[in-house]
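Colleague: Heads up, the sequence shown stops at 255 in our numbering, and the numbers go up one at a time, no gaps.
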Amino acid sequence: MKNTITFLGTSHGDPSVTRFCSSTHYAIAGTTFLIDAGEPVSALLIRRHILPSSLDAVFLTHMHLDHVNGLAHLYYEIEKYPGKRVEIFFAEEKAIGPFMQWNEAMHNHPLKEECLRLAAVTENFLWQKNTLSVRSIPTDHMGEKGKSFAYMIETTSCKILHTGDLSGNFHDFPLAPGDPPVDLCVCEATHIWHHKEILVERLMHLPVRKMVFNHIGPHWTDGKEDDLKELTASLPYPVVIAHDGTEIEL
Ligand SMILES: [Zn+2]
Ligand SMILES: [Zn+2]
Numbered sequence: 006m007k008n009t010i011t012f013l014g015t016s017h018g019d020p021s022v023t024r025f026c027s028s029t030h031y032a033i034a035g036t037t038f039l040i041d042a043g044e045p046v047s048a049l050l051i052r053r054h055i056l057p058s059s060l061d062a063v064f065l066t067h068m069h070l071d072h073v074n075g076l077a078h079l080y081y082e083i084e085k086y087p088g089k090r091v092e093i094f095f096a097e098e099k100a101i102g103p104f105m106q107w108n109e110a111m112h113n114h115p116l117k118e119e120c121l122r123l124a125a126v127t128e129n130f131l132w133q134k135n136t137l138s139v140r141s142i143p144t145d146h147m148g149e150k151g152k153s154f155a156y157m158i159e160t161t162s163c164k165i166l167h168t169g170d171l172s173g174n175f176h177d178f179p180l181a182p183g184d185p186p187v188d189l190c191v192c193e194a195t196h197i198w199h200h201k202e203i204l205v206e207r208l209m210h211l212p213v214r215k216m217v218f219n220h221i222g223p224h225w226t227d228g229k230e231d232d233l234k235e236l237t238a239s240l241p242y243p244v245v246i247a248h249d250g251t252e253i254e255l
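1. Any residue with its C-beta under 6 Å from a non-hydrogen atom of ligand 2 counts. Can you list them all in chain order?
2. Distance check for T144 and S153, CA to CA, integer angstroms please.
3. Have a look at S27 and Y81 and give me their C-alpha separation to the nearest angstrom.
4. When burial is assigned at 16 or more other CB atoms within 10 Å of the CB, is S16 buried or exposed?
5. Taking only three categories from DSSP, how would you classify M157?
6. DSSP has V217 in a bridge; who is on the other side?
7. At a threshold of 7 Å, does S27 count as lining ligand 1 (C-beta to nearest heavy atom)?
8. With respect to 7 Å, is the separation between the Cβ of H54 and the closest non-hydrogen atom of ligand 1 below this value?
9. If you check the beta carbons only, do A96 and M68 fall under 8 Å apart?
10. Suppose you measure from the CA of I253 to the CA of T136; what does that come to, to the nearest Å?
11. Near E92, which residues of its chain fall below 6 Å by C-beta distance, leaving aside the five closest residues on each side in sequence?
12. For Y31, does the count of other Cβ atoms within 10 angstroms reach 16, so buried, or fall short, so exposed?
13. Note down the Cα distance separating L233 from K117, rounded to an integer number of angstroms.
14. Okay, do the segment 205-212 and the segment 236-252 touch, 3+ Cβ pairs below 8 Å being the bar?
15. Under the assumption that E193 contacts H220 (Cβ atoms under 8 Å), give the Cβ distance between them as a whole number of angstroms.
16. Measuring alpha carbon to alpha carbon, tell me which of W225, G14 and K7 ends up nearest T251.
17. Leaving out the 5 sequence neighbours to the left and right, which residues in its chain are closer than 8 Å to G127 when beta-carbon positions are compared?
18. Would you mind giving the Cβ-Cβ distance between T66 and K134, rounded to the nearest angstrom? I have them listed as a contact below 8 Å.
19. Comparing alpha-carbon positions, which option in R24, H199 and A124 lies nearest L171?
20. Ignoring anything shorter than 3 residues, give me the beta strand (DSSP E) runs that lie fully in the segment 135-181, in order along the chain.
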């Protein structure tokens, strides 16, 4: 079975002239889900003939605006055109109540529980469907201010790490030399810019078969990509810099 990862939005905190905010669509082992829901995620799915209510789940890496600002419209589309009961996993339990109130204020009715299930990710979170599992790995992107997670996605035939946003020096990189290998690592490329001299050192010995950079920071996008390409040219595995619309097959 073909596994496809589609980068819908690949920007960092601000959208750029070529990149929307962060959202990535996974179609893996017959299961479909999003990691993050930056705007305009609903429109980007619909343009690809993917109904939001056909998703099995949405996993949020953390609650920063650029990862969640498309969620209200996604919720609306799922309720209006119901299909599956979509599970949305928030990185913070405290975000669920206000999000429901905001939606109720817009639509004048409470959550339709037959359409959506809202829950929070925990440190030992494990979501399973058929042969697929999605496991959370806590990261330090938010410091003391909140929670953030990477996700390890596994099937019988492949293993993918999606880092989400990390700390500025990647000390919390959710994979280490000597770990079991991952077929694909989707790695954010914004916060390391201030420590870019250690980027290659951090990534050089990781057990990664292919690296895709997404969540591209302002210093490496829109005509400034060559700096990131040159910087990572010595890595011992293939490297792709994702753009909005990039598809990777595994
Ligand atoms: Zn971000
Ligand atoms: Zn962030």
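Beta carbons: idealized from backbone N, C-alpha and C, even for Gly.
Modeller: Taking the structure as given:
1. H67, H69, H146 and D170
2. For the purposes of this step, residue 153 is identified with residue 148 of the sequence shown, where counting begins at 1. For the purposes of this step, residue 144 is identified with residue 139 of the sequence shown, where counting begins at 1. One C-alpha to the other measures close to 5 Å.
3. If you number the sequence shown from 1, residue 27 lands on position 22. If you number the sequence shown from 1, residue 81 lands on position 76. The alpha-carbon atoms of S27 and Y81 are separated by roughly 19 Å.
4. Counting from one through the sequence shown, the residue named residue 16 turns up at place 11. So S16 counts as buried.
5. The residue labelled residue 157 in the question sits at position 152 within the sequence shown. M157: strand per DSSP, three-state reduction.
6. The count along the sequence shown starts at 1 and reaches residue 217 at position 212. In the DSSP output, where bridge partners are listed per residue, V217 has V191 and V245.
7. Within the sequence shown, numbered from 1, the residue matching residue 27 stands at position 22. Under cutoff, so the answer is yes.
8. For the purposes of this step, residue 54 is taken as the residue at position 49 of the sequence shown. No; taking the cut-off as 7 Å, the Cβ of H54 has no heavy atom of ligand 1 nearer than that.
9. Here residue 96 refers to the residue found at position 91 when the sequence shown is read from its first residue. Here residue 68 refers to the residue found at position 63 when the sequence shown is read from its first residue. For A96 and M68, yes; Cβs fall inside 8 Å.
10. Here the question's residue 253 lines up with position 248 in the sequence shown. Here the question's residue 136 lines up with position 131 in the sequence shown. So the two alpha carbons sit approximately 20 Å from each other.
11. Sequence index remark: in the sequence shown, residue 92 carries index 87 (1-based). Only A62 and R122 meet the Cβ criterion.
12. As a position in the sequence shown, residue 31 is number 26, starting the count at 1. That one is buried.
13. As a position in the sequence shown, residue 233 is number 228, starting the count at 1. As a position in the sequence shown, residue 117 is number 112, starting the count at 1. L233 and K117: Cα-Cα distance of roughly 45 Å.
14. yes
15. If you number the sequence shown from 1, residue 193 lands on position 188. If you number the sequence shown from 1, residue 220 lands on position 215. That pair is a contact at about 4 Å.
16. The residue given as residue 251 occupies position 246 in the sequence shown. Cα-wise, what sits closest to T251 is G14.
17. Taking the sequence shown and counting its residues from 1, one reaches residue 127 at position 122. Note on identity: in this sequence residue 127 is Thr, with Gly being the wrong assignment. Here the set comprises S141.
18. Sequence index remark: in the sequence shown, residue 66 carries index 61 (1-based). Sequence index remark: in the sequence shown, residue 134 carries index 129 (1-based). Rounded, the Cβ-Cβ distance is 19 Å, inconsistent with contact.
19. Counting from one through the sequence shown, the residue named residue 171 turns up at place 166. Here the closest residue by C-alpha is H199.
20. 137-143, 154-159 and 164-167
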